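Here is the structure we will look at, set down as structure tokens.
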Amino acid sequence: MKLHVQQFTFNPFQENTYVVYSDSGDAVIIDPGCYERYEEEELTDFIASNNLTVHALLNTHAHIDHVLGNAFVLGNYDVDFYIHPLDVVTLNSVQNYAHVYGFPNYKVSPQPTQQLSHGEKLTFGDIEFEVLFTPGHAPGHVVFYNAENGFVINGDVLFNGSFGRVDLPGGDLETLKRSIFKVMFELPEETVVYCGHGEKTTIQKEKAFNYILSF
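For the sequence shown, position 210 matches number 209 in numbering that gives the first Met the number 0, and the numbering has no gaps at all.
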């Protein structure tokens, strides 16, 4: 089934929120970073105008910029919320520092209803993902891979030419390197990588030019 990936760039961190949807109208929301009202409306207007049915909220990880809109999404759509269990602590810590990062009106994320595991297959109508565990940037980081359409929603593991920072709690460079070299770089080279910040890239390009090769 042909899938489409719609990217939104939200909040001062310029975080990429994704809606993955099928021609039949099935949809999932990944890493909702919407904080301002106009950002929330941009997301819901797209879903409504395309007659999409949202089936799930997925988090690649739970740093503040990727979960600012969790409460909003779950308040608008009666869906399950998926995250890796090792990032629940990260999720629950956001409320303790949101004001320091300039988000005094952060709405605390609800707790996940489903836990993700490496190699797990997810199906939401016509949408299918394989969950790949990719810690290093965050302890419970995962990516969502669709082999049929040749793309991966990769959060903050790989960026176009670079990689996710490792100086936040739970971050570790050697762990991230293993995730990149042993998981991400094992995907087919033509795989399109949708990043948590910045432009999309490909596995082929990052295997040749990514800054991680210098470490």
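Cβ coordinates follow ideal geometry from the N, Cα and C atoms, glycine included. Remember, it's a predicted structure, so these values are computed and weren't measured experimentally.
Close Cβ partners of residue i (< 8 Å) along its chain, the five nearest in sequence each way excluded
i    : result
Y96  : I63
F214 : L172 and K176
Length of the line joining the Cα atoms of residue i and residue j
i    : j    : result
K218 : S21  : Here the chain covers residues 0 to 214 and nothing more, so residue 218 does not appear.
H83  : S48  : 31 Å
I28  : L56  : 5 Å
T122 : T59  : 16 Å
G195 : H65  : 8 Å
P138 : L90  : 11 Å
G169 : V93  : 14 Å
V44  : F9   : Checking the sequence, you will find Asp at residue 44 rather than Val. Taking the straight line joining both Cα atoms gives about 15 Å.
L172 : V99  : 25 Å
H117 : R164 : 22 Å
F184 : K206 : 7 Å
E39  : L186 : 33 Å
F150 : H3   : 10 Å
G74  : F80  : 12 Å
F7   : N50  : 18 Å
T190 : A61  : 24 Å
I46  : D30  : 15 Å
Y76  : E188 : 35 Å
Neighbourhood of residue i by C-beta distance below 6 Å, restricted to the same chain and skipping five residues each side
i    : result
Q5   : V18
L167 : none
V130 : L115, E119 and V141
M0   : S21 and D125
L85  : P138 and G139
Residue from the options whose Cα sits closest to the Cα of residue i
i    : options                   : result
N159 : A26, T200, L175 and E41   : T200
E14  : H54, L67, E40 and A146    : L67
K176 : K206, G135, E188 and A146 : G135
G197 : K1, P11 and E185          : P11
T16  : H3, L2 and L42            : L42
Y222 : G32, I202 and Q110        : No answer is possible for residue 222: it lies beyond the span of the chain, which begins at 0 and ends at 214.
Beta-carbon spacing of residue i, residue j below 9 Å
i    : j    : result
N148 : V192 : no
V182 : T112 : no
V72  : V87  : no
Y37  : Y105 : no
S23  : N69  : no
Proximal residues to residue i (C-beta, below 7 Å), its chain only, five neighbours per side dropped
i    : result
I179 : V156, L157, F162 and I211
V78  : V53, H54, A55 and L56
D25  : T52, H54, F123, G124, D125 and I126
F208 : G160
T174 : P134 and G135
P103 : none
F128 : L121, F143, Y144 and N145
**Q.** Segments of 3+ residues assigned as beta strand (DSSP E) that fall wholly inside the stretch 169–194
**A.** Counting only runs of 3 or more, we get 191–193.
Q) Quick one: complete beta strand (DSSP E) runs, 3+ long, within the stretch 76–143? A) Counting whole runs of 3 or more residues, the stretch 76–143 contains the beta strand (DSSP E) stretches 79–82, 120–123 and 126–132.
Q.
For a minimum of 3 consecutive residues, which ranges assigned as the beta strand (DSSP E) are wholly contained in the stretch 28–77?
A. Runs of the beta strand (DSSP E) lying entirely within the stretch 28–77 and spanning at least 3 residues, in chain order: 52–57.
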